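First comes the structure, then the notes that go with it.
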Amino acid sequence: MEDFSHDKLMRYSRQMMLEQIGRTGQEKLAASKVVIVGSGGLGCAIGQVLVRGGVGEVTLYDDEKIELSNLHRQILFDESDLGEFKSTTAARKLSVINSSVRVESKVLRVGKENIGALFQGTDLVIDATDNIPSRYFLNEAAVAAGKDWMYGGCAGMMGTVMLVRRGGACLECVFGPMQPSDCTPVRPFPVGPATPMIVGGIQANEAVKYLLKKQSAGLDNSCPSEYISIDLWQLRVRRNTIVNRNAHCRLCHRGNNSD
Ligand SMILES: [Zn+2]
485 MEDFSHDKLM
495 RYSRQMMLEQ
505 IGRTGQEKLA
515 ASKVVIVGSG
525 GLGCAIGQVL
535 VRGGVGEVTL
545 YDDEKIELSN
555 LHRQILFDES
565 DLGEFKSTTA
575 ARKLSVINSS
585 VRVESKVLRV
595 GKENIGALFQ
605 GTDLVIDATD
615 NIPSRYFLNE
625 AAVAAGKDWM
635 YGGCAGMMGT
645 VMLVRRGGAC
655 LECVFGPMQP
665 SDCTPVRPFP
675 VGPATPMIVG
685 GIQANEAVKY
695 LLKKQSAGLD
705 NSCPSEYISI
715 DLWQLRVRRN
725 TIVNRNAHCR
735 LCHRGNNSD
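To convert, take the position in the sequence shown, counting from 1, and add 484; that gives the numbering used here.
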């Protein structure tokens, strides 16, 4: 049990008033470790919510630098940050927002060769990248490690969030194997100014719920994966439970993710 100081009790008092969180939930969040892969629009939004909310440890991965075209949507950055690394700048700002959270940053492109380490000792790995190969690498590493992870993506006025459960369908079950065309990045692609904030906000909110359940052993490992589609132009949010794995999925079919 964490010994909350007066300052911490004040800082989190409004969210601790929620019956779903309370003092016990706040302690669970403080005991949680999260990795966010990508420190752009989604990563900025997710990082803000989780650090402000008191998740104990947050690690940010990104190897890109801040450009002028990022500023309309990447809410942790301003004009004085141009040319700086995203992950280190985001971590610095998040540490100022909440110095009681351990925020770490790695200037590192996450790839097939180093992705497995992200899952070690981590409660949840959250995808905040902007490219398809990274998601498939995350998915494959999560299946191999028998871990849950969260997929998130946005473009234009659309977004997708999927909590990929170790006992449920994986990313490849839903979208099929990665295609050669997926490895050719389409850049720049359009993004609305609010899109990553809302989609990242939904990811962070789902992550908080997940961490609260996980830390209280209220997470049923037989739970299916869930897929959330967000259309901000029509303002429609749909939540779908994916009951079955794809019998033809090359990852799940191996039995790596069978328990
Ligand atoms: Zn699968």
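All C-beta atoms in this analysis are idealised placements derived from N, C-alpha and C, irrespective of residue type, glycine included.
Model, not experiment: these values are computed from the prediction.
* Nearest-angstrom Cα distance between residue 533 and residue 595? -> 26 Å
* To do: Kindly indicate which three-state DSSP category residue 509 falls into: helix, strand or coil?
  => helix
* List the residues that DSSP assigns as beta-bridge partners of residue 710. => 647, 725
* Between residue 673 and the rest of its own chain, which residues show a CB-CB distance below 6 Å, the 5 nearest in sequence each way excluded? -> 639
* **Nonlocal neighbours in the same chain, by C-beta distance under 7 Å from residue 586, ignoring five residues either side** => 540, 541
* To do: Compare the beta carbon distance of residue 546 and residue 564 with 9 Å and say whether it is the shorter of the two.
  => no
* To do: Run the proximity test for residue 655: is its beta-carbon closer than 8 Å to any non-hydrogen atom belonging to ligand 1?
  => yes
* **residue 441 versus residue 610 - alpha carbon distance** => The shown model of the chain, from 485 to 743, leaves out residue 441, and the question about it has no answer.
* To do: Have a look at the DSSP bridge pairing and note the partners of residue 633.
  => 609, 648
* Specify the secondary structure class of residue 495 as computed by DSSP and reduced to three states. => helix
* Asked: Run through DSSP, which three-state label would residue 743 get?
  -> Residue placement at residue 743 is flagged as unreliable, the pLDDT there being 41, under the threshold of 50; the coordinate-derived value follows with that caveat. If DSSP states are grouped into helix, strand and coil, residue 743 belongs with coil.
* residue 521, DSSP secondary structure in three states -> strand
* Asked: Among all the DSSP beta bridges, which residues are the ones paired with residue 586?
  -> 541
* **Heavy atom of ligand 1 within 8 Å of residue 582 beta-carbon** => no
* Tell me which same chain residues have a C-beta within less than 7 Å of the C-beta of residue 675, skipping the five on either side of it? -> 525, 557, 638, 639, 640
* Flag residue 730 as yes when its Cβ comes closer than 8 Å to any non-hydrogen atom of ligand 1, and as no otherwise. => yes
* Asked: DSSP three-state call for residue 569: helix, strand or coil?
  -> strand
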